[in-house]
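Peer 1: Residue numbers (my numbering): 1082 to 1195. Don't be surprised by glycine CBs; every beta carbon is placed ideally from N, CA and C. Bear in mind that the values here come from a model prediction, so they are computed numbers and not experimental data. Okay, here's the structure, questions in a sec.
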């Protein structure tokens, strides 16, 4: 397919992204929560949100009606339900922010030990 999002989806290192983020974003089932959403889905939605300057609600709604967006986020069959509650994107951003802070602190402490 020639659609730009399809081409981009083939170029992005999804498995490396999943490996890098999964340890920092564990599933919440151990605390009684739902299983974590796929990294590719959330990372893709966050990319689309910023690329098209949309709210969390709008990106989920547009995802529902756009097969290219669904393909970009890892779907292989057209879906007819929203992929997640828009509040999930907020929680992921918060978790990613915490992971970034932990990573920066870890890097700073390593360099201080040298």
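Have a look at residue 1153 and residue 1090 and give me their C-alpha separation to the nearest angstrom.
Peer 2: Along the chain shown, read from residue 1 onward, the residue named residue 1153 stands at position 72. Along the chain shown, read from residue 1 onward, the residue named residue 1090 stands at position 9. When rounded, the distance between both Cα atoms is 5 Å.
Peer 1: Taking just the CA atoms, how far does residue 1084 sit from residue 1175?
Peer 2: Within the chain shown, residue 1175 is the residue found at index 94, counting from 1. Within the chain shown, residue 1084 is the residue found at index 3, counting from 1. Distance between the alpha carbons of residue 1175 and residue 1084: 31 Å.
Peer 1: Can you say whether residue 1125 is buried or exposed, counting buried as having 16 or more other CB atoms within 10 angstroms of its CB?
Peer 2: Your numbering for residue 1125 matches position 44 in the chain shown. Per the 10 Å Cβ criterion, buried.
Peer 1: Count the other CB atoms within 10 Å of the CB of residue 1140; is the residue buried (16 or more) or exposed (fewer)?
Peer 2: Here residue 1140 refers to the residue found at position 59 of the chain shown. Residue 1140 is buried by the Cβ-count criterion.
Peer 1: Can you grab the Cα-Cα spacing for the pair residue 1167 / residue 1173, in whole Å?
Peer 2: Your numbering for residue 1167 matches position 86 in the chain shown. Your numbering for residue 1173 matches position 92 in the chain shown. Those two C-alpha atoms are separated by around 10 Å.
Peer 1: Alpha carbon to alpha carbon, how far is residue 1128 from residue 1163?
Peer 2: Residue mapping note: residue 1128 aligns to position 47 of the chain shown, counting from 1. Residue mapping note: residue 1163 aligns to position 82 of the chain shown, counting from 1. For residue 1128 and residue 1163, the distance between alpha carbons rounds to 17 Å.
Peer 1: Spatial neighbours of residue 1156 within its chain, please: C-beta separation below 6 Å, excluding the five flanking residues on both sides.
Peer 2: Numbered from 1 along the chain shown, position 75 holds the residue referred to as residue 1156. Hits under 6 Å: none found.
Peer 1: Between the beta-carbon of residue 1120 and the beta-carbon of residue 1135, is there less than 8 Å?
Peer 2: As a position in the chain shown, residue 1120 is number 39, starting the count at 1. As a position in the chain shown, residue 1135 is number 54, starting the count at 1. Going by C-beta atoms, residue 1120 is not nearer than 8 Å to residue 1135.
Peer 1: Tell me whether residue 1117 sits in a helix, a strand or coil according to DSSP, three-state version.
Peer 2: On the chain shown, position 36 is the one that residue 1117 refers to. Coil, per DSSP.
Peer 1: For residue 1100, is the classification buried or exposed, using 16 other Cβ atoms within 10 angstroms of its Cβ as the cut-off for buried?
Peer 2: Within the chain shown, numbered from 1, the residue matching residue 1100 stands at position 19. So residue 1100 ends up on the exposed side.
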